[in-house]
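Asker: Can you keep this structure in mind? I'll have questions shortly.
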Amino acid sequence: MSVLTPLDRPNSYIGRSVPRPNAKRLLAGRGRYVTDITLPRMLHVAYVRSPYAHARIVSIDATTAREMPGVRLVATGEDLAKLCAPWIGTMDHFKGMKSPPQLPLPIDKVVWSGQAVVAVVADTRALAEDAAEAVYIEFDELPAVVDIDAARAPDAPVISPELGSNLCFHGKIDTGGVEDVFAGAAHVVEEEFHFGRHTAVTMEPRAIIADYDASEGQLTVHHATQTPYQFQDIYARHYGLPESRVRVIAPDIGGSFGMKLHMYHEDMAVVGLSMMLGRPVKYVADRIESFVSDIHARDHRVRARMAADAEGNILAMDVEDVTGIGAFSAYPRTSVVEGNQVYRLMGAPYTFRNYRADLQVVFQNKVQMSQYRAVGHPVACTVTERLVDMIADKTAQDVFDIRSRNLIPDDAYPCTSPTGYQFEALSHHACLAKLKAMMDYDRLRAEQAELRTKGIHRGIGIATFVEITNPGPAFYGVGGARISSQDGAIIKITPSGDVHCSISVTELGQGTETIIGQIVAEHLGVDSNRIKVMTGDTDTTPHGGATYACRGAGIGGETALQAAKKLKANVLAVAAAILQDEPEKLDIHSGWIVDVATAQQRIELSEIARIAYFRSDTLPPGTQAQLSVAHHYAPQGYPFAFTNGVQACHLELDVETGLVKILKLWVVEDCGRVINPLLVDEQIRGGVVQGLGAAFFEECVYGDSGQLTNGSLADYLVPMAVEMPDIEIGHVETPTLDTQLGAKGVGEAGTAAASAAALNAMNDAMKPFGRTVAQVPMTPARILKALGHI
Amino acid sequence: MKARAFNYVKASTVVEALKAFEDAQDDASYIAGGQSLVPTLALRLQAPQLLIDIAHIPVLRGVDLQGDWLRIGALTRHHEVLTDPLIRQHAPLYSEAAPHVAHPAIRNKGTLGGSISHADPASEFPAMTLALGAELEIASRDGVRRVPADDFFLDLFQTAIEPGELLVAIHVPVVRPGHRWAFHELARRRGDFALVGCGILAEFVDDVVKQVRIAFFSVGSTPLRARQAEEALIGKKLDQAVIAAAQAVVGDDLDPPEDEHTPPAMKRHLARVLLGRLLGEIARQGA
Numbered sequence: 003m004s005v006l007t008p009l010d011r012p013n014s015y016i017g018r019s020v021p022r023p024n025a026k027r028l029l030a031g032r033g034r035y036v037t038d039i040t041l042p043r044m045l046h047v048a049y050v051r052s053p054y055a056h057a058r059i060v061s062i063d064a065t066t067a068r069e070m071p072g073v074r075l076v077a078t079g080e081d082l083a084k085l086c087a088p089w090i091g092t093m094d095h096f097k098g099m100k101s102p103p104q105l106p107l108p109i110d111k112v113v114w115s116g117q118a119v120v121a122v123v124a125d126t127r128a129l130a131e132d133a134a135e136a137v138y139i140e141f142d143e144l145p146a147v148v149d150i151d152a153a154r155a156p157d158a159p160v161i162s163p164e165l166g167s168n169l170c171f172h173g174k175i176d177t178g179g180v181e182d183v184f185a186g187a188a189h190v191v192e193e194e195f196h197f198g199r200h201t202a203v204t205m206e207p208r209a210i211i212a213d214y215d216a217s218e219g220q221l222t223v224h225h226a227t228q229t230p231y232q233f234q235d236i237y238a239r240h241y242g243l244p245e246s247r248v249r250v251i252a253p254d255i256g257g258s259f260g261m262k263l264h265m266y267h268e269d270m271a272v273v274g275l276s277m278m279l280g281r282p283v284k285y286v287a288d289r290i291e292s293f294v295s296d297i298h299a300r301d302h303r304v305r306a307r308m309a310a311d312a313e314g315n316i317l318a319m320d321v322e323d324v325t326g327i328g329a330f331s332a333y334p335r336t337s338v339v340e341g342n343q344v345y346r347l348m349g350a351p352y353t354f355r356n357y358r359a360d361l362q363v364v365f366q367n368k369v370q371m372s373q374y375r376a377v378g379h380p381v382a383c384t385v386t387e388r389l390v391d392m393i394a395d396k397t398a399q400d401v402f403d404i405r406s407r408n409l410i411p412d413d414a415y416p417c418t419s420p421t422g423y424q425f426e427a428l429s430h431h432a433c434l435a436k437l438k439a440m441m442d443y444d445r446l447r448a449e450q451a452e453l454r455t456k457g458i459h460r461g462i463g464i465a466t467f468v469e470i471t472n473p474g475p476a477f478y479g480v481g482g483a484r485i486s487s488q489d490g491a492i493i494k495i496t497p498s499g500d501v502h503c504s505i506s507v508t509e510l511g512q513g514t515e516t517i518i519g520q521i522v523a524e525h526l527g528v529d530s531n532r533i534k535v536m537t538g539d540t541d542t543t544p545h546g547g548a549t550y551a552c553r554g555a556g557i558g559g560e561t562a563l564q565a566a567k568k569l570k571a572n573v574l575a576v577a578a579a580i581l582q583d584e585p586e587k588l589d590i591h592s593g594w595i596v597d598v599a600t601a602q603q604r605i606e607l608s609e610i611a612r613i614a615y616f617r618s619d620t621l622p623p624g625t626q627a628q629l630s631v632a633h634h635y636a637p638q639g640y641p642f643a644f645t646n647g648v649q650a651c652h653l654e655l656d657v658e659t660g661l662v663k664i665l666k667l668w669v670v671e672d673c674g675r676v677i678n679p680l681l682v683d684e685q686i687r688g689g690v691v692q693g694l695g696a697a698f699f700e701e702c703v704y705g706d707s708g709q710l711t712n713g714s715l716a717d718y719l720v721p722m723a724v725e726m727p728d729i730e731i732g733h734v735e736t737p738t739l740d741t742q743l744g745a746k747g748v749g750e751a752g753t754a755a756a757s758a759a760a761l762n763a764m765n766d767a768m769k770p771f772g773r774t775v776a777q778v779p780m781t782p783a784r785i786l787k788a789l790g791h792i
Numbered sequence: 003m004k005a006r007a008f009n010y011v012k013a014s015t016v017v018e019a020l021k022a023f024e025d026a027q028d029d030a031s032y033i034a035g036g037q038s039l040v041p042t043l044a045l046r047l048q049a050p051q052l053l054i055d056i057a058h059i060p061v062l063r064g065v066d067l068q069g070d071w072l073r074i075g076a077l078t079r080h081h082e083v084l085t086d087p088l089i090r091q092h093a094p095l096y097s098e099a100a101p102h103v104a105h106p107a108i109r110n111k112g113t114l115g116g117s118i119s120h121a122d123p124a125s126e127f128p129a130m131t132l133a134l135g136a137e138l139e140i141a142s143r144d145g146v147r148r149v150p151a152d153d154f155f156l157d158l159f160q161t162a163i164e165p166g167e168l169l170v171a172i173h174v175p176v177v178r179p180g181h182r183w184a185f186h187e188l189a190r191r192r193g194d195f196a197l198v199g200c201g202i203l204a205e206f207v208d209d210v211v212k213q214v215r216i217a218f219f220s221v222g223s224t225p226l227r228a229r230q231a232e233e234a235l236i237g238k239k240l241d242q243a244v245i246a247a248a249q250a251v252v253g254d255d256l257d258p259p260e261d262e263h264t265p266p267a268m269k270r271h272l273a274r275v276l277l278g279r280l281l282g283e284i285a286r287q288g289a
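So the protein lines, in turn, are chains A and B.
Going by this note's numbering, the first sequence opens with residue 3, and the numbers climb by one from there.
Going by this note's numbering, the second sequence opens with residue 3, and the numbers climb by one from there.
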């Protein structure tokens, strides 16, 4: 007797750990990244960058540089401004938000150290760099605005005088009643948190080749990006080209994490340089350039307090967040989204109803800060979860018990958060219970107590979280940003019965093409090895949102599912005509048309395709086989598909040195329907590692004059394998009912709560000393300071 | 970034290398493993006209026991330092430090001579050269000379090697019965330059410290001997009070630069902790 599982159904690909078909190719060194692409007559650009954080450009002398060997063009901000319309990184739904216009290269002033000022195009990158050294720029240094408080001081230098102040956006949320609740609360805890800047450090840096062919007026851009359609739109509009004459191709991408979906000045300049020269121009950021020009993330100071009654029931939160975003808001998604998600996600897992928050987004003379994996989430999660632990301390409760008491009950959905987020169905309590069992919590606590008597100090911290995924048009579209929340797919059956799917969600190494293949295989009814999935080319795929905000599986996957079903109906219609049967009585299993009732094989899909393409004369009159379909899907139910989960961190603190050994990390996560457990778990692990990077290692440190002082991989510490713990993952599955697929996003879950769990674990380890930390990264210096050693 | 254009010559003897340097009128660099030099070229922090490849000069290779001294060729790779049985037996502080030197890919290329002549104050091998009391064999157009480690490290990235001279070999007095040693470093990530690191070589007679060399790295502009801490140990048995006495003075032996990431007070604190742990380990070795 055999025991059947859901995976024993026909065509069962959803729910299976299918390995990534492209992994072997990449491992074999056959990846084709932008850096690998060499076009005929291609030139290379190097940029002369500002050494000052804030300065007036007095003069530019490129006379010598223009005469250097191999130099084809030296271009300034004025040259490119003649071709490129300026851009402004604001969205309408952030009321009162402002940001100055930006150009590819600046004309009269620089606003951060490392800003590209002059482009030197030459036959090789080395020759371009030789000539760049011979460009002389005279600067008149201005006082730099570095600190977030200094930026808002009444006498602060205003970076963009036309805006009147250094305030980009001021937002407030107030449910009312907060003052009264705090006044009457049995317990009030408060803390000031600091979240350092960090950055993506993708293995492949930013890279772009712009190839303008004046004979056809055709611009082709090979671009290491996760959002090719967005850049097609931007290049067409800002350079005045018809959209049909702009093709953006995103080939293999070596990681993105949100970093490669913003408009960068160097990239925009490359397009103009190619138009000026009529030749392909390549720009690949080196690591030093990445540190000073890729977006940075976070940079928040949060003052927050939480009120609870005598039993530890949370009653209210009151939050003030100030975040520094650089000298302007990023384009086209704006740099307010991060702060917006910080102050809207605060307290999201909990039942309390009284909430007040103040968000100030300020300009400063630093590189732009904008969306990076888990936008805003780690900040909201860390603040909330630390305050929850402080309430637990005040009321002498265990960290699991305080959460059980306050988390939204699993049967209370649908419901909304105090900030208006609508939750379809979350599973906090199921996740919490699963985590506690997985980590053998009681044993760990007993071990901790015993080890403390021996001078070994371990800490256990947990953090619950809510993640925003599957965003609808409320995210960007309503704000006026031309960023799609829908996706499109074209699926066709080849004459041999193979399947070709081109889809607008993109592959960055995370496995999008794999899961799309699984979904098509399951819902069309063919073997997945007969499916080829194509992504990342605006000429050959339908327009769509591509990959951001954990939408690939939920929205792209649903698009593929619906397209596959549509195509299946077309196939069955032809099959019914050939078999003289009714389509409803037929199905497709593993490339065979079968009887629904008996699963008996009737005719092979390849035979249908052969007849349709080569012997259409044998089909009944009036039968036109439609073996290609195009289909679009836009989310229409809840504005977002929220996911949830809980993480736990176990660490050992060397209380003499401030060094930390991260012993283990557990995650229980609910992303709805799991399409590919292997990829889901690795998404979570990768996300956790980035969260632990933020917690312990990664920080872009600026000096007083606005210089980045650690802009190299020798000085900026990324998390590495030796320091990373085993990461054990469990799942609870609450599929969204908004889609047939039921999948929500998962790419940011790991990052969302890892630093919060780590901070709570650190404070737990320090508890015997009565010391605390509220700043990430938790460097040895900060820990030693907290412990009173220095 | 890309390096500026340079010429390249492969030397097959020390004399050939020295002559090439002289002919280039000092606008040259020797290259062996290139693990420190190549990044500085790529960053255009250095742009010599000529690179003289010394990696194929036979006399710079090999590890030999010569009486009471172990001769380690300057070209000995970090990986070889890690695995060589003669080094393990006779100059064990190098072996113990080696796993902490960067990562396998770098250890496969980087050379002991390169590390010592580069003299990064945060590097393990220069400090262990001090701790071991090694002597550095330096070749010039005038011949060969030997410089004791104590006189070798002069300032930040500056050694007794004059422009054009070449480090040929490291001569280490072999450890003997009665010697004890310990190495450890505190680093935020394995393989990084340490926050603070230390190697100690001590000679005991009847559990009493007869001689000791304590060398710290990452605490000044050169690797540093902790002379006052050493003084506090000489003639003493390593009990808790003696260790505490050494810890009390070691801060004054060090000269950490101002650094907002690891301020001097933190370096001194960590050095005290590290010294205590290493001396405790050495004390236990006698038990």
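Note that beta-carbon positions come from the ideal geometry of N, C-alpha and C, so glycine has one too.
Along chain B, which residues have their Cβ under 7 Å away from the Cβ of residue 659/A?
Answerer: In the first sequence, the residue the question calls residue 659/A occupies position 657. Residues of chain B passing the Cβ test: 188, 272, 275.
Asker: If you run the structure through DSSP and keep just helix, strand and coil, what is residue 86/A?
Answerer: Looking up residue 86/A in the first sequence gives position 84. Looking at residue 86/A - three-state DSSP - the assignment turns out to be coil, as it is neither helix nor strand.
Asker: What residues from chain B crowd round residue 128/A, counting only those whose CB sits closer than 8 Å?
Answerer: Here residue 128/A is taken as the residue at index 126 of the first sequence, counted from 1. Those within 8 Å of residue 128/A in chain B are 4, 5, 6, 7.
Asker: Quick one: is residue 217/B near chain A, going by C-beta distance under 8 Å?
Answerer: As a first step, residue 217/B is located in the second sequence; it is residue number 215 there, counting from the start. Residue 217/B does not count as touching chain A.
Asker: Look at the alpha carbon of residue 513/A and the alpha carbon of residue 103/A, and state the distance between them as a whole number of angstroms.
Answerer: In the first sequence, the residue the question calls residue 513/A occupies position 511. In the first sequence, the residue the question calls residue 103/A occupies position 101. Approximately 37 Å, taken between the alpha carbons.
Asker: Spatial neighbours of residue 339/A within its chain, please: CB distance less than 7 Å, with the 5 preceding and 5 following residues excluded, ordered by chain position.
Answerer: Numbered from its first residue, the first sequence carries residue 339/A at position 337. Only 373, 377 meet the Cβ criterion.
Asker: Three Cβ pairs or more, each shorter than 8 Å: is that satisfied between the stretch 222-233 of chain A and the stretch 541-551 of chain A?
Answerer: Output reads yes: the stretch 541-551 of chain A touches the stretch 222-233 of chain A.
Asker: Kindly list, in the order they appear in chain B, the residues whose Cβ is closer than 8 Å to that of residue 792/A.
Answerer: Translated into positions along the first sequence, residue 792/A becomes position 790. Residues of chain B passing the Cβ test: 265, 267, 268, 271.
Asker: Starting from residue 386/A, follow the alpha helix (DSSP H) in both directions and report where the run begins and ends.
Answerer: As a first step, residue 386/A is located in the first sequence; it is residue number 384 there, counting from the start. Here the alpha helix (DSSP H) through residue 386/A covers 379-396.
Asker: Can you list the residues of chain B that residue 290/A reaches, using a CB-CB cut of under 9 Å?
Answerer: One-based indexing of the first sequence puts residue 290/A at position 288. Simply 3, 45.
Asker: Based on Cα-Cα distance, which residue from 585/A, 604/A, 600/A lies nearest to residue 593/A?
Answerer: Indexing the first sequence from 1 puts residue 593/A at position 591. Checking every option, the nearest Cα to that of residue 593/A belongs to 604/A.
Asker: Taking the alpha-carbon of residue 325/A as reference, which of 169/A, 274/A, 449/A, 252/A has the nearest alpha-carbon?
Answerer: In the first sequence, counting from the first residue as 1, residue 325/A sits at position 323. Of the candidates 169/A, 274/A, 449/A, 252/A, the one whose C-alpha sits nearest the C-alpha of residue 325/A is 169/A.
Asker: Could you tell me if residue 493/A is buried or exposed, where buried requires 16 or more neighbouring beta carbons within 10 angstroms of its beta carbon?
Answerer: Working through the first sequence from its first residue, we reach residue 493/A at position 491. With 16 or more other Cβ atoms within 10 Å, it is buried.
Asker: Using a Cβ-Cβ cut-off of 8 Å, state whether residue 102/A counts as contacting chain B.
Answerer: Locating residue 102/A in the first sequence gives position 100, where the first residue counts as 1. Cβ-Cβ to chain B under 8 Å: no for residue 102/A.
Asker: Can you pull the chain A neighbours of residue 84/B, defined as C-beta to C-beta under 8 Å?
Answerer: Here residue 84/B is taken as the residue at index 82 of the second sequence, counted from 1. What residue 84/B touches in chain A: nothing, since even the nearest Cβ is about 16 Å away.
Asker: Can you pull the chain B neighbours of residue 786/A, defined as C-beta to C-beta under 7 Å?
Answerer: Translated into positions along the first sequence, residue 786/A becomes position 784. Within chain B, the residues near residue 786/A are 268, 271.
Asker: Kindly say whether residue 29/A, judged by its beta-carbon, lies nearer than 8 Å to any beta-carbon of chain B.
Answerer: As a first step, residue 29/A must be located in the first sequence, where it is residue number 27. So no, residue 29/A is outside the interface.
Asker: Residues in its own chain within less than 7 Å of residue 98/A by CB, not counting five upstream and five downstream?
Answerer: The sequence position of residue 98/A within the first sequence is 96, counting from 1. The answer, listed in chain order, is 171, 172.
Asker: Using only the alpha-carbon positions, how far apart do residue 415/A and residue 641/A sit?
Answerer: Translated into the one-based positions of the first sequence, residue 415/A becomes position 413. Translated into the one-based positions of the first sequence, residue 641/A becomes position 639. The alpha-carbon atoms of residue 415/A and residue 641/A are separated by roughly 15 Å.
Asker: Does the distance from the C-beta atom of residue 245/B to that of residue 227/B stay below 8 Å?
Answerer: Position 243 of the second sequence holds residue 245/B. Position 225 of the second sequence holds residue 227/B. Against a cut-off of 8 Å, the Cβ pair of residue 227/B and residue 245/B comes out as no contact.
Asker: Which residues share a DSSP beta bridge with residue 319/A?
Answerer: Here residue 319/A refers to the residue found at position 317 when the first sequence is read from its first residue. Answer is 308/A, 357/A, bridged to residue 319/A.
Asker: As a quick exercise: from 768/A, 464/A, 475/A, 717/A, pick the residue whose alpha carbon is nearest that of residue 263/B.
Answerer: Position 261 of the second sequence, counted from the start, is the residue given in the question as residue 263/B. Considering only alpha carbons, the answer is 717/A.
Asker: Verify the contact flag: residue 778/A, CB atom, against every heavy atom of the ligand ATP, threshold strictly below 7 Å.
Answerer: For the structure depicted, the ligand ATP is absent and the ligand set is empty, with no information on it obtainable.
Asker: Mapping DSSP to helix, strand and coil, what is residue 649/A?
Answerer: By one-based count along the first sequence, residue 649/A stands at place 647. Reduced to three states, the DSSP call for residue 649/A is strand.
Asker: By DSSP, does residue 775/A sit in helix, in strand, or in coil?
Answerer: Locating residue 775/A in the first sequence gives position 773, where the first residue counts as 1. Coil at residue 775/A, not helix or strand.
Asker: Residues in the same chain with beta-carbon distance under 8 Å from residue 142/B, minus the five sequence neighbours each way, listed in chain order, please.
Answerer: Taking the second sequence and counting its residues from 1, one reaches residue 142/B at position 140. Counting only Cβ-Cβ distances below 8 Å, and skipping sequence neighbours, we find 20, 164, 166, 167, 168.
Asker: Consider the Cβ of residue 192/B: report whether some Cβ of chain A lies at a distance smaller than 8 Å.
Answerer: Along the second sequence, one-based indexing puts residue 192/B at 190. It does: the Cβ of residue 192/B has a partner Cβ on chain A nearer than 8 Å.
Asker: Which residues of chain B have a Cβ atom closer than 8 Å to the Cβ of residue 296/A, listed in chain order?
Answerer: As a first step, residue 296/A is located in the first sequence; it is residue number 294 there, counting from the start. The premise fails here: residue 296/A is roughly 16 Å from chain B at the closest Cβ pair, so nothing lies under 8 Å.
Asker: In chain order, what residues of the same chain have a beta carbon less than 6 Å from the beta carbon of residue 21/A, not counting five sequence neighbours either side?
Answerer: Mapped onto the first sequence, residue 21/A falls at position 19. Correct list: empty, nothing qualifies.
Asker: Determine whether the Cβ of residue 197/B lies closer than 8 Å to any Cβ atom of chain A.
Answerer: Here residue 197/B corresponds to residue number 195 of the second sequence, with the count starting at 1. Residue 197/B counts as touching chain A.
Asker: Contact between the stretch 342-357 of chain A and the stretch 263-277 of chain A: three or more CB pairs below 8 Å?
Answerer: Not touching, per the Cβ criterion.
Asker: Along the chain, where does the beta strand (DSSP E) that runs through residue 175/B open and close?
Answerer: Here the question's residue 175/B lines up with position 173 in the second sequence. Residue 175/B -> beta strand (DSSP E) spans 168-175.
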